[in-house]
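Reviewing the structure listed below.
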Amino acid sequence: MLDGFWQNVYRYCTYFVTVITGVFFFLFGWLAPLFRRPVTAIALVSFFIAGLIFVALTLRAMLGLSPV
1 MLDGFWQNVY RYCTYFVTVI TGVFFFLFGW LAPLFRRPVT AIALVSFFIA
51 GLIFVALTLR AMLGLSPV
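Each residue of the sequence shown is one higher than the last, beginning at 1 in the numbering used here.
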(Lines of atoms letter the chains of each structure in order from A and count residues from 1; the text may use other names and numbers.)
(Lines give C-alpha, C1' and ligand atoms only; values in the text may rest on other atoms or scores of the structure.)
Protein backbone atom coordinates (compact mmCIF):
# COMPACT_ATOMS: atom_id res chain seq x y z
CA MET A 1 0.00 0.00 0.00
CA LEU A 2 2.80 2.42 0.83
CA ASP A 3 4.51 1.62 -2.47
CA GLY A 4 1.43 2.77 -4.38
CA PHE A 5 1.40 5.98 -2.35
CA TRP A 6 4.93 6.93 -3.41
CA GLN A 7 4.15 6.10 -7.03
CA ASN A 8 1.21 8.51 -6.91
CA VAL A 9 3.34 11.22 -5.29
CA TYR A 10 5.96 10.79 -8.02
CA ARG A 11 3.27 10.88 -10.71
CA TYR A 12 1.88 14.19 -9.42
CA CYS A 13 5.36 15.72 -9.21
CA THR A 14 6.12 14.82 -12.81
CA TYR A 15 2.69 16.12 -13.86
CA PHE A 16 3.41 19.43 -12.12
CA VAL A 17 6.81 19.78 -13.81
CA THR A 18 5.26 18.93 -17.19
CA VAL A 19 2.52 21.55 -16.81
CA ILE A 20 4.97 24.26 -15.70
CA THR A 21 7.30 23.45 -18.61
CA GLY A 22 4.40 23.59 -21.06
CA VAL A 23 3.27 26.97 -19.75
CA PHE A 24 6.83 28.30 -20.01
CA PHE A 25 7.23 27.13 -23.62
CA PHE A 26 3.80 28.51 -24.54
CA LEU A 27 4.57 31.95 -23.11
CA PHE A 28 8.11 32.01 -24.52
CA GLY A 29 6.84 31.08 -27.97
CA TRP A 30 4.26 33.83 -27.77
CA LEU A 31 6.74 36.48 -26.55
CA ALA A 32 9.74 35.45 -28.69
CA PRO A 33 8.75 37.54 -31.76
CA LEU A 34 8.47 40.61 -29.55
CA PHE A 35 12.11 40.27 -28.49
CA ARG A 36 13.34 40.67 -32.07
CA ARG A 37 12.84 44.44 -32.02
CA PRO A 38 14.95 46.32 -29.45
CA VAL A 39 12.16 48.73 -28.52
CA THR A 40 9.68 46.01 -27.62
CA ALA A 41 12.39 43.95 -25.91
CA ILE A 42 13.28 46.86 -23.65
CA ALA A 43 9.60 47.48 -22.92
CA LEU A 44 8.96 43.81 -22.05
CA VAL A 45 11.99 43.58 -19.79
CA SER A 46 10.99 46.84 -18.10
CA PHE A 47 7.43 45.61 -17.50
CA PHE A 48 8.75 42.31 -16.14
CA ILE A 49 11.13 44.04 -13.71
CA ALA A 50 8.44 46.52 -12.66
CA GLY A 51 6.05 43.62 -12.01
CA LEU A 52 8.61 41.82 -9.86
CA ILE A 53 9.30 44.98 -7.85
CA PHE A 54 5.56 45.56 -7.40
CA VAL A 55 5.00 42.02 -6.13
CA ALA A 56 8.02 42.21 -3.81
CA LEU A 57 6.96 45.53 -2.29
CA THR A 58 3.37 44.35 -1.92
CA LEU A 59 4.42 41.17 -0.14
CA ARG A 60 6.80 43.05 2.14
CA ALA A 61 4.02 45.45 3.11
CA MET A 62 1.47 42.67 3.61
CA LEU A 63 3.84 40.59 5.74
CA GLY A 64 5.09 43.56 7.73
CA LEU A 65 8.73 42.89 6.91
CA SER A 66 9.61 46.56 6.64
CA PRO A 67 7.84 49.87 7.14
CA VAL A 68 6.64 51.05 3.77
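Glycine is no exception: its CB is placed at the ideal position from the N, C-alpha and C atoms.
Legend entry - Backbone CA spacing between Gly4 and Ser66 [nearest angstrom]: Position 4 of the sequence shown, counting from 1, holds the residue named residue 4. Position 66 of the sequence shown, counting from 1, holds the residue named residue 66. Gly4 and Ser66: Cα-Cα distance of roughly 46 Å.
Inset, instruction - Kindly indicate which three-state DSSP category Gly22 falls into: helix, strand or coil? - result: The residue labelled residue 22 in the question sits at position 22 within the sequence shown. Gly22: helix per DSSP, three-state reduction.
Legend entry - From Val9, Ala32, Ala56, residue whose alpha carbon lies closest to that of Val45: Position 45 of the sequence shown, counted from the first residue, corresponds to residue 45. Answer by Cα proximity: Ala32.
Inset, instruction - Helix, strand or coil for Leu59, going by three-state DSSP, please let me know. - result: Within the sequence shown, residue 59 is the residue found at index 59, counting from 1. In this structure, Leu59 counts as helix in the three-state DSSP scheme.
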